[in-house]
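A short worksheet on the structure shown next.
In the working numbering, the protein residues as written are 3 to 214.
Listed below in structure tokens is the structure:
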């Protein structure tokens, strides 16, 4: 179907690549710059970004919610050994609770630099208790990947006129594919973990969640 659309619209694969790059750049940069004030329109694009902004609604009271969170969290360790040579005697998450807020991340026995950092606030809602959760990348990972994607994006945009004219070879397209590779790896690693945490927390709180 896509091939048919391309033929009828007269759009070359190079122009499609350019349009894809523009879409990714505009979407990713908006979320990165305005993470704390993401609009409803931006949240509709969350599935394309390494961010999650959720609200869990439960009939449990806030004390019970915080108690359940404390049961699944253990303090962070400077060095944690997991996997074959590590201990499996640990809780599912590590982090901390302070009053009605918490920060945590999953304890995993494999390497994933794009593991979501989960920040939450427990509040009294109209129909029970609300747990507002945000998941995002670690600040240092975000900084590194922003530099990676930024350099690749600038190089790609510099070659943008060549891309539109079709005067493009495999070497010239390298920055574009570096951007795509970085984006796919980051998004895949993040979403793989965030899906697990979203489901786990829904079961823990006996709640349903909505995407803000």
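Beta carbons are placed, not taken as given, at the ideal position from N, Cα and C, and that holds for glycine.
Asked, Found
"Boundaries (first-last residue) of the alpha helix (DSSP H) holding residue 185", "176 to 207"
"Collapsed DSSP secondary structure at residue 99 in the structure displayed", "strand"
"Cβ pair residue 192, residue 104 closer than 8 Å", "no"
"Residue 210 (DSSP reduced to helix, strand or coil)", "strand"
"Residue 198 versus residue 110: straight-line alpha-carbon distance, rounded", "12 Å"
"Top-ranked residue by Cα proximity to residue 99, from 207, 162, 73 and 145", "73"
"Ranges of the beta strand (DSSP E) found wholly within the region 126 to 169, counting only runs of at least 3", "130 to 138"
"Sub-8 Å separation of residue 64 and residue 121 beta-carbons", "no"
"With 16 other Cβ atoms within 10 Å as the buried cut-off, status of residue 95", "buried"
"Close Cβ partners of residue 184 (< 8 Å) along its chain, the five nearest in sequence each way excluded", "147, 150, 151 and 154"
"Where residue 35 falls, given that 16 or more other Cβ within 10 Å makes a residue buried", "The pLDDT assigned to residue 35 is 39, lower than 50, so where the model puts this residue is not dependable; a value taken from the coordinates is nonetheless given after this. Its Cβ having fewer than 16 others within 10 Å, residue 35 is exposed."
"Outcome for residue 167 when other beta-carbon atoms lying within 10 angstroms are tallied against a minimum of 16", "exposed"
"Three-state secondary structure (DSSP) of residue 83", "coil"
"Beta-carbon spacing of residue 208, residue 68 below 8 Å", "no"
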